[in-house]
Amino acid sequence: MLARLFTCSLLGIEAHPVEVEVDISPGAMPRTILVGLAEAAVRESTHRVERAIVNSGYTRPIDRVVINLSPADLPKEGSRFDLPIALGLLTASGQVASDQFEHYSVVGELALDGSVRPVKGALSMALSARAAGRRGLVLPAANAREAAVVEGIEVISVGSLAEAVGFFTGNLPLDPVEFSWETARDELGQYSIDYADVKGQEMAKRAVTVAAAGGHHLLMIGSPGTGKTLLAERLATVLPRLSRDESLETTRIWSAVGRLPEGEPLLLRRPFRRPHHTVSEAGLVGGGSKPAPGEISLAHNGVLFLDELPEFNRKTLEVLRQPLEENAVTISRAIGSLTFPARLMLVAAMNPCPCGYRGDPRRQCTCSPQQIERYLARISGPLLDRIDIHIEVPPVPFRELSDAAPGTDSAAIAEQVAEARAVQAKRFRRSTEALNGKMAPRQIRTHCKLQPDAETLLRAAMEEMGLSARAHDKILRISRTIADLAGSEAIDAGHLSEAINYRTLDRRYWSS
1184 MLARLFTCSL
1194 LGIEAHPVEV
1204 EVDISPGAMP
1214 RTILVGLAEA
1224 AVRESTHRVE
1234 RAIVNSGYTR
1244 PIDRVVINLS
1254 PADLPKEGSR
1264 FDLPIALGLL
1274 TASGQVASDQ
1284 FEHYSVVGEL
1294 ALDGSVRPVK
1304 GALSMALSAR
1314 AAGRRGLVLP
1324 AANAREAAVV
1334 EGIEVISVGS
1344 LAEAVGFFTG
1354 NLPLDPVEFS
1364 WETARDELGQ
1374 YSIDYADVKG
1384 QEMAKRAVTV
1394 AAAGGHHLLM
1404 IGSPGTGKTL
1414 LAERLATVLP
1424 RLSRDESLET
1434 TRIWSAVGRL
1444 PEGEPLLLRR
1454 PFRRPHHTVS
1464 EAGLVGGGSK
1474 PAPGEISLAH
1484 NGVLFLDELP
1494 EFNRKTLEVL
1504 RQPLEENAVT
1514 ISRAIGSLTF
1524 PARLMLVAAM
1534 NPCPCGYRGD
1544 PRRQCTCSPQ
1554 QIERYLARIS
1564 GPLLDRIDIH
1574 IEVPPVPFRE
1584 LSDAAPGTDS
1594 AAIAEQVAEA
1604 RAVQAKRFRR
1614 STEALNGKMA
1624 PRQIRTHCKL
1634 QPDAETLLRA
1644 AMEEMGLSAR
1654 AHDKILRISR
1664 TIADLAGSEA
1674 IDAGHLSEAI
1684 NYRTLDRRYW
1694 SS
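Here the sequence shown stands for residues 1184 to 1695, numbered as in the working numbering.
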């Protein structure tokens, strides 16, 4: 007897439809054969499934069993096929009869006692099931709220194999799991940190405002303890709230690698990733024999913070160059090429020298010129060129630390950012890019027209500082954002002067 069910296979962050076919026929000796390009965890599932069937009160088939996972050329990995295989075995052996299997996709790992354990990638599977025209998705209770985010599909939560059998036979009616965006946003969309926590550093907060308004990358240089990390951690609090599409995109990535925080079925705060400087290339951009997203994809629609930038392996940092330009990373392996999104804001922080106190008025630097040169040489010029804004974060004087007057808070910065981004949304309404920091050269020529005095200033800066063509475009993008923050259509010398100041530190540190 033949049984057919539907499930999904996860490849990268994409879920692909899979048919599970189970055929049971008389044989001299009991034997189970599983075919369909299944890796080890899937092949081992037959043993888990057999014991789960017996321990749930059903009879294990003792004939020849062939299980086919189709399409046969699509790699199958993970334990999510346990539940559909078990239901297929029970159906093919005549112990279960249902006409509902064709309407639902089924995923779930089985424990030996028949209980259902959670799987990775539930959100992607719900999207795949909807795209395949299924009425619903049957999956573990622990994944139900995550999958219920997807509209237009029933999400049925089950806790055991017996519950799944009861649902499909009609003996156990189960209501679809409901999800409310508004309730989730109120519960999970708030931040517990604020720029009001950062004393002083108003110039640095201004640079953060410009970076957030235009989607520009940011490098902060300063002695230890000046507040670089505090400034970076709070950047997400001034960015616009994640839209529904952005939230789904980001959650899919985190779900596929099993990184969703417990109790959060959906990411409603912009991600903030802070990898250690010992991270590998694959850990940073993604990869592995079975390609998985790296830190830059986990920071998609959020902030990637690289603290102690020169301590990172130079070769590791170099792999960031292409993703920063293309907002995506493509990983090619024998099984094919996978592309992961990586639209993020890069924020980097570093000390000015190995001891950290070069230029600090309170402490004397103990580094030799050779040590400083080797330290700074760990960061390549092409990578620096791709970071739009470079700022110095000086020590905070005691009078500012002890001042009871509040500084600029996140709400004030977020209001400025929102106004500037509204201007950009109108400007780029017919373009796929909606931020000044992502403008293409043709858009720069269209939207960054300079006043005569500003053009003269830029020409002088290019000649004196020896700026590259990329740095020239970066300055124009930044000046466009500064003008937007000021509510000005034209870019004048004042806007351009501030933008040029954000590009002078690399000449001072790396050309000395």
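Each residue gets a CB set at the ideal place from its N, CA and C atoms; glycine is no exception.
In the structure shown, the three-state DSSP call for R1247 is strand. The Cβ neighbour count for D1265, taken over all protein chains shown within 10 Å, is at least 16; the residue is labelled buried.
Separation of the CB atoms of I1570 and H1400 is rounded to 5 Å, and the pair is thereby assigned contact status at 8 Å. Comparing alpha-carbon positions, the option among Y1378, D1282, M1386, H1460 lying closest to G1353 turns out to be D1282.
Annotated three-state conformation of D1265 is helix, per DSSP. Annotated as distal: L1418 and Q1384, with beta-carbon spacing of 8 Å or more.
Residue pairing of L1322 in beta bridges, as defined by DSSP: S1340.
In the DSSP assignment, D1282 falls outside any beta strand (DSSP E) and carries neither an H nor an E. Taking L1507 as reference, the option from L1527, Q1547, V1237, F1488 with the minimal CA-CA separation is L1527. Taking a 10 Å sphere around the C-beta of R1516, we find fewer than 16 other C-beta atoms and assign the residue as exposed. Taking a contact as a CB-CB distance under 8 Å, the pair I1245 and P1213 counts as one, their CB atoms being some 5 Å apart. The alpha carbon of D1377 has as its nearest neighbour, out of G1590, Q1607, I1683, the alpha carbon of G1590.
For P1444, there is no enclosing alpha helix (DSSP H), since its DSSP letter is neither H nor E. Taken in chain order, the complete beta strand (DSSP E) segments of 3 residues or longer contained in the stretch 1496–1572 are 1511–1516, 1519–1524, 1528–1533.
Under the three-state reduction of DSSP, K1388 is assigned to helix.
For M1403, no alpha helix (DSSP H) segment is defined; the enclosing uninterrupted segment is the beta strand (DSSP E) at 1401–1404. Rounded to the nearest angstrom, the Cβ distance from I1196 to S1307 is 6 Å, consistent with a contact under 8 Å. Bounds of the beta strand (DSSP E) holding V1205 are 1197–1208. In the displayed model, T1433 falls within a helix according to three-state DSSP.
The Cβ-Cβ distance between R1686 and N1619 does not fall below 8 Å. When the Cα atoms are used, S1288 and D1369 turn out to be separated by approximately 31 Å. Bridge partners of A1475 according to DSSP: G1470.
Separation of I1250 and A1396 (C-alpha to C-alpha, rounded to the nearest whole angstrom) is 55 Å.
Under a 10 Å Cβ-count criterion, E1598 is classified as exposed, with fewer than 16 other Cβ atoms of the shown protein chains found around its own Cβ. The alpha carbon of Y1374 has as its nearest neighbour, out of F1455, L1273, P1258, the alpha carbon of F1455. Taking a cut-off of 8 Å on C-beta distances, the stretch 1519–1526 does not touch the stretch 1557–1572, as fewer than three cross pairs fall below it. Taking one beta carbon from each stretch, the stretch 1464–1481 and the stretch 1424–1437 have 3 or more pairs nearer than 8 Å; the two touch. Contact between the stretch 1331–1339 and the stretch 1461–1478 is absent: fewer than 3 CB-CB pairs across the two stretches fall below 8 Å. The C-beta distance from R1231 to L1295 rounds to 6 Å, short enough to meet the 8 Å contact threshold.
Following the DSSP letters along the chain, one finds L1193 inside the beta strand (DSSP E) bounded by residues 1185–1194. Beyond the five residues adjoining it in sequence on each side, E1583 comes within less than 7 Å, by CB distance, of K1382, G1383 in the same chain, given in chain order.
The C-alpha of R1561 lies about 15 Å from the C-alpha of P1552. In terms of Cβ geometry, V1299 and A1327 do not form a close pair [threshold 8 Å].
Considering only T1392, A1325, F1351, I1572, the residue with the shortest C-alpha distance to R1604 is T1392.
Annotation: the continuous beta strand (DSSP E) that includes L1487 extends over 1486–1489. Here V1218 is bridged, per DSSP, to N1251.
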